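This report refers to the structure that appears directly beneath it.
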Amino acid sequence: MNKSSSMSMRNISWSKWFSYTLIIVAIPSLLISLGVEELSSMLGLSGVENVATYTLSLIISFSALSALMRKVLITKGMLTPSISSSLTLEKQTIIPQSFLRELEGKISKVDKEKEPERYVHLASVLGISYLQNAITLNDKELFIKANSMKEEVEKFIKCHKIKPEAKTIFDGFKGKVEQYKSSFLK
1 MNKSSSMSMR NISWSKWFSY TLIIVAIPSL LISLGVEELS SMLGLSGVEN
51 VATYTLSLII SFSALSALMR KVLITKGMLT PSISSSLTLE KQTIIPQSFL
101 RELEGKISKV DKEKEPERYV HLASVLGISY LQNAITLNDK ELFIKANSMK
151 EEVEKFIKCH KIKPEAKTIF DGFKGKVEQY KSSFLK
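In the UniProt record's numbering, the protein residues as written are 1 to 186.
As structure tokens, this is what we get:
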């Protein structure tokens, strides 16, 4: 599965997101960079080297802390990981059962009427995960699970108004199921 870095926010206001960004990313990055700049000055680095170390430390700390913030928000359920619409399934990759159970749990908690896009998104991710494992393990039962997930979401989409972003993710999943259907349903 080819993951992209895009995320969709759930249950988080702009001010809360901004606060998290300041507390977890911006302020610590600035403090780390200032510390590195002070250290490089004490070591007697020239102006260009000093600026380079400051800039490099700012970029590295900002990147690392942004990844940490993303993990914190995903753990708290405020951010949902997103997958790209161009899915590539690799035969060597097995999706862990713990991840599948976690997705199943999240789907069961989603109010489909209030958050139809979230349901479609999570169900598509779960379905593509079933499909990935079906391909990797050559498991017909997992393919049938993926196919039934596709049919369930397809029925849901026909009865609900879904934003194009969620539909695009589902269409990618649906296309992959159709692509592998002949391999599993002979």
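A virtual CB, placed ideally from N, CA and C, is assigned to each residue, including glycine. None of the values given here were measured: they were computed from a predicted structure.
Contact check between the segment 117-124 and the segment 145-164: three or more CB pairs, one atom from each, fall below 8 Å, which counts as touching. If you check the CB distance, L142 and L126 do not come in under 8 Å. Cβ-Cβ separation between V25 and Y54: approximately 17 Å, too far for a contact (criterion under 8 Å). In the three-state DSSP reduction, T55 falls in the helix class (H, G or I). Between S61 and I32, the C-beta gap is smaller than 8 Å, which places the two residues in contact. D111: not part of any alpha helix (DSSP H); DSSP gives it neither H nor E. Minimum Cα-Cα distance from M149 among the listed residues Y180, K181, A123 corresponds to A123. Taken in chain order, the whole alpha helix (DSSP H) runs of length 4 or more contained in the segment 95-145 are 97-109, 116-137. Put simply, the backbone Cα of Q179 is about 15 Å away from that of E151.
Sequence-distant partners of F99 (beyond 5 residues in either direction) whose C-beta falls short of 8 Å from its own C-beta, in its chain, are S129.
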